[in-house]
Every structure is written in C-alpha cells, then in structure tokens.
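In my numbering, the protein residues as written are 1 to 434.
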Amino acid sequence: MAWDFETEPEFQEKLDWMDHFVREEVEPMDLVFDEPGASFRTDDERTRRILEPLQKEVQERGLWACHLGPELGGKGYGQLKLALMNEILGRSQWASRVFGCQAPDTGNAEILAHYGTPQQKQKYLEPLLRGEIVSSYSMTEPQAGSDPREFKCSAFKSGDEWVIQGEKWFSSNAALAEFLIVMAITDPDVPVHQGASMFLVPTDTPGVEFVRNVGLPGEPIGEGVHGYIRYNDVRVPAENLLGGPGQAFTIAQTRLGGGRVHHAMRTVGQVRKAFDMMCERALSRHTAGSILARKQSVQNMIAESFIDIEQFRLLVLKTAWVIDKGDKNLARTYIAAVKVRTPQVMQDVVGRALHIHGSLGCSNEMPLAGMWMTAPIMGVVDGPTEVHRVTIAKQVLRDYQPSEGLWPSAHLPPRIAAAREKFAKFLELEVGNL
Ligand SMILES: Cc1cc2nc3c(=O)[nH]c(=O)nc-3n(C[C@H](O)[C@H](O)[C@H](O)COP(=O)(O)OP(=O)(O)OC[C@H]3O[C@@H](n4cnc5c(N)ncnc54)[C@H](O)[C@@H]3O)c2cc1C
C-alpha cells in the first residue's frame, strides 16, 4: 500500500529546521527590506551583510538550491520534497533567495543546464547558481503575451553575430540582471513555434534600452522591476544562441512548467499564513455580544478556507508526484490545473482573512491587502488562467471518444434494455415465483 500522507522523519527534521529558520531569521528581512526587487539586488551592501551568513548556514545544512540535480550541486530531491520545502519558503519574499532557489533564476538555470554549451554554463550558469548574479527572461512583448503568433521581436545572422531587433515587456528583474534570455524570431517563414530562438544577452550590451521599469500596484510609476525593453540592433556573438535555431519553445517549456508549480507550492505557504491570521483574529475580536469565532458566518469562512487550502495542497502535492513519475503529458495537465487554482485559492482565503480583520485588514498595517493584490497577478503571470484551462480540456479530451450514434453512451433507455436482457433469466424466475 503506497498511498501515504506522512513525511519520513529525517526529512521532517529538515523541514522543521527550515520552518523555524524562515520564521525567525528570514521573515524579519521582509519587514525591513521591502522595496521593489529588494531580494534581487546583488549590489546592496546592507542586505548582503545579512543575507550572506544566512545563505552560508543554508549551504552548510545541505539545503542550498535543492531544485538542482546533484550534477549541478543540488540534492536532486525531486518535486515532492521541493513542494514541502517551498510551502515554508512561501511565507517570505526573501526565503527563496536565502535558499538559492528564486524565480526566474531557477527556470533560467534549468534551461542553461539543459541546453547551455560548456562555455555558456561557465559564464552564466555557474555564477547564477552561486547566487552572485541574477538573470531575466525576456519573452512577452508589448502587443502580445499569451499568443506568441503575434510576436515581432526578431534576430538575423550577420557574419559571426546575431542582431536582435524588437521590444519586450515585463521582463522581471531585467534592470538588476547580469544577462537576459531573449526569445526572438529567426525564421519568419515557418510557424513561430518552430521559427523562434533563444539568445543570451548581457544586460550592458550596446542597444539594450530600458524604455521603462514597470511596477506593480503600490509601487511608484517607473520604479518597478519589470523591464519594458527595446532591443535596438543588439549584436551578440553567434555562440550566444542558446540551444539550436528554432528551439525557443522547446526550451521555454522546460522552464515554465517548473516555475508554475513552484509558484503554486509557495502559494500554499502564503495562504496558510493568511489562514493563521484569520483564526487568531476570529478568537480575539469581540463584537455584537461574542467573539467572531462564535458567529456562524465566520465559522463558515474558516471551514471553507481550511477545505480550500487542503484541496489545493493535495493538488499541488499530486502534481509534484506526477512530475517525479516522469509522465510529461500527464504532468502538463496537472501543472495547468494548479496554475488555474493558484490565484483562486489566494483570492478566496486571503480575501476572507482580510474581511475578518475589517478596516485593519484593508489597511497597510497588515500584510493582507498586499497579499490579496497578488491573486489577480498570479492569474496572469506565466500565462492567463483561460489558456491553462484550454490546455487541461485538450489534454483530458484525448482520453475520450465521441458517442457512436445520435444518443450518448449513457442514454438510459438502451442501457436499461441491455441490463434487462443481461438479467433476463433472473427476472423470469422472479415472475415465475409469483
Ligand atoms: C508579475 C508578472 C511578472 C512577469 N514576468 C515576466 C517575465 O519575467 N518575462 C516575460 O517574458 N513575461 C513576464 N510576464 C508576462 C506574462 O507572461 C504575460 O503577462 C502573460 O503571458 C499574459 O500575456 P499578456 O499580459 O500580453 O496578456 P494577453 O495575452 O493580452 O491576455 C490578456 C487577457 O486576455 C484573455 N485571454 C488571452 N488569451 C486567451 C485565450 N486563448 N482564451 C481566452 N481568453 C484569453 C485573458 O483574460 C487574459 O488575461 C510577467 C507578468 C506579470 C504579471
């Protein structure tokens, strides 16, 4: 019997250490260093002095960059163990950096490890894995995100160089990054999924122009970390092509799956944090003759939130398990499913926690309103919900066939007739006995 909801004791010990460490040592960083992109700045002396000893402690415990296989210095834990770890990291904006596994660097490292040449790995991957630099992924364009057929950014070969022209939008952390991984069309005569390629572009390459740094709600205009970038005839050497020509979408698929499921894992941590606040408040606030916890509508909110979190967590863990089993097709369906549920559970649970706190919940003196704002953002980042629903439906429908005639196969009259015929001799016996 292999179904099991328990964690092996040795790994549970690691999780317990992580939980204590993140709460006591890492979460305080969120409270002091919370400006946009703070955890991505590698040049801030103040944060380095706090961060580096924490990272060292994580490395000594053998918990650094656990998403990587042993050949790259990680533990090769697999997604299920990562899910349990990421639930803890999800409590803090800084925790992924402290543990060497922050997006989008994790995904970028993954594709460099898969497709990079030895020189590319040495120049870009190794410092990335050591946490010395950060990177950015530049795919979305101002006029097109979820439909790559609308992409325009292109690259052509000129002697020993590639020349990149076009615009990219929402390239996270681009201004802080040492290099950008840029998707560009290299063969306009074939469908984009076969005609786009990936390039490694150092951010200081001439022609890389930051039109704006776009921010999220609450951040001042122009001071965010999502780069609107114009590539003005940006020249990179031929060896900066990542993978082969036309391979961009195969490469992109390698990184996006992991990214989506890791966001979902961290969301479990976020919604549990909101749930803890909700329960504490329900037991503490006295109004209209009783504490909130005694009111049935509040009890409903707590019960629904408990169920939402448990359901979501099981889906995330099952997704991790499916990925570990290696069935890529099935994993696609499950990854799309957690991607769809991530913003929903965030909106519902955090929304209820906020509501139970009343005006305090709406204020900037609690983290709830800020957390809640991330729900719609999670519904867009890495592709909108609608697109992932389409993926699920298409994948699921592969296992079904249309009915043969006019009526569905579950149509009752012919099924009852067939069942009667099957049991005819018993039915006759019954009649005979009468
Ligand atoms: C916080 C954040 C970080 C990001 N980081 C990066 C990054 O680092 N690098 C990068 O390249 N991009 C990044 N993105 C961009 C992200 O990948 C895109 O926003 C996403 O793919 C959607 O593209 P879009 O914004 O152009 O929306 P659109 O494609 O214009 O979609 C807008 C809306 O149209 C509807 N829609 C779209 N397609 C369909 C469909 N097939 N069926 C039904 N309805 C549909 C949906 O309601 C959707 O929300 C980031 C975005 C966010 C919010």
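For glycine and all other residues, C-beta sits at the position ideal for the given N, C-alpha and C.
**Prompt:** Residue range of the alpha helix (DSSP H) that ILE185 falls in?
**Reply:** Taking the first residue of the sequence shown as 1, we reach residue 185 at position 185. Unbroken run through ILE185 is the beta strand (DSSP E), 179 to 185; no alpha helix (DSSP H).
- Which residues in the same chain as GLU161 place their Cβ atom closer than 7 Å to its Cβ, once the five residues preceding and following it in sequence are excluded? Locating residue 161 in the sequence shown gives position 161, where the first residue counts as 1. Take GLU161, set aside five residues on each side of it, and the residues of its chain with a beta-carbon closer than 7 Å to its own are ARG235, VAL236, PRO237 and ALA238, in chain order.
Checklist entry - So, are the CB atoms of ALA109 and LEU128 less than 8 Å apart? => result As a first step, residue 109 is located in the sequence shown; it is residue number 109 there, counting from the start. As a first step, residue 128 is located in the sequence shown; it is residue number 128 there, counting from the start. In this structure, ALA109 places its C-beta atom within 8 Å of the C-beta atom of LEU128.
Is there at least one non-hydrogen atom of ligand 1 closer than 7 Å to the beta-carbon of GLY224?
Reading the sequence shown from its first residue, position 224 is the one you call residue 224. Incorrect: GLY224 has no Cβ contact closer than 7 Å to ligand 1.
Please state if the CB of PRO408 and the CB of GLU219 are separated by a distance shorter than 8 Å. Stepping through the sequence shown from its first residue, residue 219 is reached at position 219. Stepping through the sequence shown from its first residue, residue 408 is reached at position 408. Not a contact, by the Cβ cut-off of 8 Å.
Could you give the C-beta distance for GLN165 and SER154, rounded to a whole number, given that I count them as a contact under 8 Å?
What you label residue 165 is simply residue 165 of the sequence shown in a count that begins at 1. What you label residue 154 is simply residue 154 of the sequence shown in a count that begins at 1. Rounded, the Cβ-Cβ distance is 6 Å, consistent with contact.
Practice task
Could you tell me which residues DSSP puts in a beta bridge with GLN165?
Solution key: Residue 165 sits at position 165 when you count from the first residue of the sequence shown. Bridge partners of GLN165: SER154.
Using a Cβ-Cβ cut-off of 6 Å (strictly less than) and excluding sequence neighbours within five positions of ALA248, which residues of its own chain qualify?
In the sequence shown, the residue the question calls residue 248 occupies position 248. The answer, listed in chain order, is MET183, ALA196, SER197 and MET198.
Note down, in chain order, each residue of its chain lying with its Cβ closer than 6 Å to the Cβ of SER39, except the 5 sequence neighbours on either side. Looking up residue 39 in the sequence shown gives position 39. So the list reads GLN93, TRP94 and ARG97, once near-sequence residues are dropped.
Margin query: Does THR333 pass the burial test, meaning 16 or more other C-beta atoms within 10 Å, or should it be called exposed?
Written below: Walking along the sequence shown from the start, residue 333 turns up at place 333. THR333 is buried by the Cβ-count criterion.
Should THR140 be listed as close to ligand 1, given that the test is whether its C-beta is under 7 Å from any heavy atom? Residue mapping note: residue 140 aligns to position 140 of the sequence shown, counting from 1. THR140: yes, Cβ under 7 Å from ligand 1.
**Helix, strand or coil at PRO217 according to DSSP, with G and I counted as helix** = Taking the sequence shown and counting its residues from 1, one reaches residue 217 at position 217. Assignment of PRO217 by DSSP, reduced to helix, strand and coil, places it in the coil class.
When the distance is taken between beta carbons, is ILE229 closer than 8 Å to VAL214? Here residue 214 refers to the residue found at position 214 when the sequence shown is read from its first residue. Here residue 229 refers to the residue found at position 229 when the sequence shown is read from its first residue. Result no, Cβ atoms of VAL214 and ILE229 do not sit closer than 8 Å.
Worksheet item: Residue range of the beta strand (DSSP E) that MET139 falls in?
Response: In the sequence shown, the residue the question calls residue 139 occupies position 139. From DSSP, MET139 is part of no beta strand (DSSP E); its letter is neither H nor E.
Note to self: For a test of the three-state rule: what should DSSP assign to PHE40, helix, strand or coil?
What the structure shows: Counting from 1 along the sequence shown, the entry for residue 40 is found at position 40. In the displayed model, PHE40 falls within a helix according to three-state DSSP.
Check: Helix, strand or coil for SER171 per DSSP?
Finding: Counted from its first residue, the sequence shown places residue 171 at position 171. SER171 falls in the strand class under three-state DSSP.
Query raised in the report: Looking at GLY78 and ligand 1, is the gap between the Cβ and the nearest heavy atom below 7 Å?
Result: Stepping through the sequence shown from its first residue, residue 78 is reached at position 78. For GLY78, the shortest separation between its Cβ and any heavy atom of ligand 1 does not lie below 7 Å.
On the DSSP bridge assignment, give the partners of GLU209 in chain order.
-> Translated into positions along the sequence shown, residue 209 becomes position 209. Per DSSP, the beta-bridge partners of GLU209 are ARG230.
In its own chain, which residues sit with a C-beta less than 8 Å from the C-beta of ARG364, not counting the 5 before and 5 after it?
Position 364 of the sequence shown, counted from the first residue, corresponds to residue 364. The sequence given here places Asn at residue 364; Arg does not occur at that position. Result list for ASN364: GLY370, in chain order.
Check: Is there contact here, the stretch 351 to 362 with the stretch 278 to 297, by at least three beta-carbon pairs under 8 Å?
Finding: Using a C-beta cut-off of 8 Å, the stretch 351 to 362 makes contact with the stretch 278 to 297, since at least three inter-stretch Cβ pairs fall below that distance.
Check: How about TYR228: is its Cβ closer than 7 Å to a heavy atom in ligand 2?
Finding: Among the ligands present in this structure, namely ligand 1, ligand 2 is not found.
Restricting to Cα atoms, I'd like to know which of LEU112, PRO191 and PHE179 is closest to VAL201.
Position 201 of the sequence shown, counted from the start, is the residue given in the question as residue 201. Nearest of LEU112, PRO191 and PHE179 to VAL201, Cα basis: PHE179.
Can you grab the Cα-Cα spacing for the pair GLY383 / THR140, in whole Å? On the sequence shown, position 383 is the one that residue 383 refers to. On the sequence shown, position 140 is the one that residue 140 refers to. Roughly 10 Å separates the two Cα atoms.
> If you compare alpha carbons, which of ALA264, PHE33, ASN300 and ALA410 is closest to THR47?
Replying inline: Within the sequence shown, numbered from 1, the residue matching residue 47 stands at position 47. Among ALA264, PHE33, ASN300 and ALA410, the Cα nearest to that of THR47 is on PHE33.
Is it the case that the Cβ atoms of GLY227 and ALA174 are separated by a distance below 8 Å? As a first step, residue 227 must be located in the sequence shown, where it is residue number 227. As a first step, residue 174 must be located in the sequence shown, where it is residue number 174. Yes. Within cutoff.
Taking the alpha carbon of LEU315 as the reference point, which residue from ARG352, VAL340 and LYS295 has its own alpha carbon closest?
Residue numbering aside, residue 315 sits at position 315 when the sequence shown is read from its first letter. Answer by Cα proximity: VAL340.
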